[in-house]
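Residue numbers (mature numbering (1 follows the signal peptide of the UniProt record, and there is no 0)): -20 to -1, 1 to 511.
Ideal Cβ placement from N, Cα and C applies to all residues, glycine included.
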């Protein structure tokens, strides 16, 4: 069962946001990324040594905001209503030859009528998701922290390390009650060598550890519930609470990443180019049963190549032109084991599962390409006006193995977006205003169903078809941001901002009519202190 919305966030988001930050970040001078992304051509690099090239080296910020989500144009495994509290504090500091940056953040997401997905931070391409079909009020909390340090040995060599930690939990209070605890630990090291006055070569290596445990419990054992062990594309293995009152699953994941960077940056910095090629290998396995028994819930592996190229032209001190090209190729496969429950009568009727066969049940391929142009006009070395236009292309295909043959799903999407913003001075305060709009167009799509069950057990109508329709449908997006920055004593700035995004369905109910006439809005209000 594919969580299409997260998959598209990964593919399209890597194109749309690999360079372009969210509007709140791009138009906010307090944010370390926005203050440096225009000047530092390496800013989107995976190499930790990138922070040595920041123009702004001593900044800090504390931010608190609240987002309200409403509307029915949403994935079926997300809540109908959402309330999202976010706190962030971080900054960057120069200590001579050493540059350091760090942050901590806390998020609390409350969703109403959430169902179908009890995993947290699982790779979005992994089809082996543990689910239940009971709508409930769910709470997701996460704490994240990260640190990056870069050391300049001399004018030619710079090296760095980046370490992060994410702790998350998901729970609800309706039977069957899932409780999910997840830990993600990424580590990256990298170095850059300046070959001459214009060219530099860099390399990065990284590893990320993923651990997640899910435990279902029942307060009222008299009611029967079903646990869905998804295999992909609507195919699933079902276990009833009549057989197992609670259910446990453990995910283990290990990702490897390598990257090479090539930088062309003349000393005058009127133009330059940054190129990075990344390779990532993902491996995740699910094991069920806890200490009672071992049931293999599926193994997923994938390989992905990504390219980003950023060209910067700044012929005058007050203008900048950015041209960003991104591309990626992804291939993955899911391995399933057919298993049979056995009882060891010689050892106290111990229950175990015997593997009957092991085979590839699903494979997926995805190609993406994106192009973005951004124009910036500066005033007093700060952004005064910008226009940003981008287009992203995604082509995906999934093959699912059935006893009767193969089921296949394909889709090709084109996403476009246009943004513009202006900074205004109002006495001693500053006002940021920006608007954006976009459109997603399905160029082609083919729906296939992996269901092999009887009509009363087929989840296509309630999950597979609406999820596919959402992930591949056409929609329009409009949004705006307004932010006021008020200077305070001791070089502190108080900021207040509001933003809204409105997405609405524009397609023709080709595979499901769930979203006919629907929309989704996200409204955010926040405050920050820059210091």
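Asked	Found
Please go through the segment 357 to 392 and give each complete alpha helix (DSSP H) segment of 4 or more residues, from N-terminal end onward.	none
Closer than 7 Å: is that where the CB of residue 345 sits relative to any heavy atom of the ligand FAD?	Because no ligand of any kind appears in the structure shown, any question about the ligand FAD cannot be addressed here.
According to DSSP, is residue 436 helix, strand or coil?	helix
With distances taken from CA atoms, which of 199, 102 and 425 is nearest residue 265?	102
Return helix, strand or coil for residue 400, following the three-state DSSP convention.	strand
Return the CA-CA distance between residue 462 and residue 505, expressed in angstroms with no decimal places.	10 Å
Taking the alpha carbon of residue 457 as the reference point, which residue from 446, 382, 417 and 434 has its own alpha carbon closest?	417
Give me whichever residues DSSP pairs with residue 500 in a beta bridge.	483
Could you tell me if residue 360 is buried or exposed, where buried requires 16 or more neighbouring beta carbons within 10 angstroms of its beta carbon?	exposed
Output the distance between the C-alpha atoms of residue 64 and residue 475, rounded to the nearest integer angstrom.	20 Å
Is it the case that the segment 87 to 101 contacts the segment 418 to 429, given that we only count it when at least three CB pairs across the two stretches are under 8 Å?	no
In the DSSP assignment, what are the bridge partners of residue 248?	Residue 248 is not bridged to any residue.
Skipping 5 residues on each side, what residues in its chain have a beta carbon closer than 6 Å to that of residue 87?	66 and 122
Under three-state DSSP, which class holds residue 427?	coil
Which whole-angstrom value is the C-beta distance of residue 107 and residue 342, which I expect to be below 8 Å?	5 Å
Please classify residue 297: does DSSP put it in a helix, a strand, or coil?	coil
Excluding the five sequence neighbours on either side, which residues of its own chain have a C-beta within less than 7 Å of the C-beta of residue 357, listed in chain order?	298, 299, 364 and 365
Please classify residue 323: is it buried, with 16 or more other beta-carbons within 10 angstroms of its beta-carbon, or exposed?	exposed
Whose C-alpha, out of 50, 129 and 112, is nearest the C-alpha of residue 90?	50
Tell me whether residue 261 is buried or exposed, calling it buried when 16 or more other Cβ atoms sit within 10 Å of its Cβ.	exposed
In whole angstroms, what is the alpha-carbon distance linking residue 533 and residue 247?	Nothing in the structure corresponds to residue 533, since the chain is present only between -20 and 511.
Label residue 284 either buried or exposed according to how many other C-beta atoms from any shown protein chain fall within 10 Å of its C-beta, with 16 as the threshold for buried.	buried
Residue 449 lies in the alpha helix (DSSP H); which residues open and close that run?	445 to 452
Going by alpha carbons, who is nearest to residue 191 out of 477, 233 and 452?	233
Keeping to the same chain, check which residues put their C-beta closer than 7 Å to that of residue 178; ignore five residues upstream and five downstream.	244, 245 and 246
Assign residue 274 to buried or exposed, taking buried as 16 or more other Cβ atoms, counted over all protein chains shown, within 10 Å of its Cβ.	exposed
Thinking just about the alpha-carbon of each residue, which of 195, 174 and 200 is nearest to the one in residue 161?	195
Please classify residue 205: does DSSP put it in a helix, a strand, or coil?	coil
State the DSSP-derived secondary structure class of residue 335, mapped to helix, strand or coil.	strand
So the candidates are 450, 113, 375 and 78; which of them puts its Cα closest to the Cα of residue 134?	78
To which residues of the same chain is residue 466 closer than 6 Å at the C-beta, ignoring the five residues directly before and after it?	409 and 474
How would you write the range of the beta strand (DSSP E) that residue 460 sits in, first residue to last?	455 to 468
Quick check: residue 257 and residue 292, are their CB atoms within less than 8 Å of each other?	no
In whole angstroms, what is the alpha-carbon distance linking residue 76 and residue 129?	12 Å
What does DSSP give as the partner residue(s) for residue 164 in the beta ladder?	146 and 190
Taking 8 Å as the cut-off, does the segment 365 to 379 touch the segment 396 to 403 (at least 3 CB pairs, one atom from each stretch)?	yes
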